[in-house]
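Note that the numbering used here gives residue 53 to position 53 of the sequence shown, counting from 1, and the numbers run on in steps of one.
Backbone N, C-alpha and C define an ideal beta-carbon position, used for all residues, glycine too.
Keep in mind it's a predicted model, so treat the numbers as computed, not measured.
So the structure is just underneath, and the comments pick up after that.
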Amino acid sequence: MGEAADDEMVAVNTKGQYFTLQKALPLMSGRGAVVFTVGVAASRGLEEGSVAAGSTAALLGMILTLALELGPRGIRVNAAGPGGINTPLWTKSGMTPEMFQAAAP
Numbered sequence: 001m002g003e004a005a006d007d008e009m010v011a012v013n014t015k016g017q018y019f020t021l022q023k024a025l026p027l028m029s030g031r032g033a034v035v036f037t038v039g040v041a042a043s044r045g046l047e048e049g050s051v052a053a054g055s056t057a058a059l060l061g062m063i064l065t066l067a068l069e070l071g072p073r074g075i076r077v078n079a080a081g082p083g084g085i086n087t088p089l090w091t092k093s094g095m096t097p098e099m100f101q102a103a104a105p
């Protein structure tokens, strides 16, 4: 992958989810639950997946921290890891169908 694709993956996996939460927080009025979806790369490792693993690990760390920060405000923060999902980002990553299948739980 090139730098632009790497930047997009980091942006989608971390910044996109973080900034979406920032917009939603004022609407939560001190209660509610947030569930982030996370990829398998951080916990399984994937061939040609170092950027995916790093950005997913960053998201997991952010989720743990947000749970501590928002818990006292009555907002629960959790993560759900559904396994590999064939999205356009996977296609751009250059992963083969075999590599995608290896990521499935």
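A contact between stretches requires three or more CB pairs, one per stretch, nearer than 8 Å, and the region 50-66 meets this requirement with the region 2-10.
At a Cβ-Cβ threshold of 8 Å, residue 38 and residue 74 do not count as neighbours. When rounded, the separation of the alpha-carbon atoms in residue 18 and residue 50 is 21 Å. Listed as beta-bridge partners of residue 71 by DSSP are no residues whatsoever. With a cutoff of 8 Å on beta-carbon distance, residue 66 and residue 77 are scored as near each other. Short of 7 Å from the beta carbon of residue 42, and not among the five residues preceding or following it, lie these beta carbons of its own chain, in chain order: 53, 56, 57, 60. In terms of Cβ geometry, residue 21 and residue 35 do not form a close pair [threshold 8 Å]. Taken through DSSP and simplified to helix, strand or coil, residue 65 comes out as helix. Secondary structure note for residue 37: its beta strand (DSSP E) is the uninterrupted segment 32-37.
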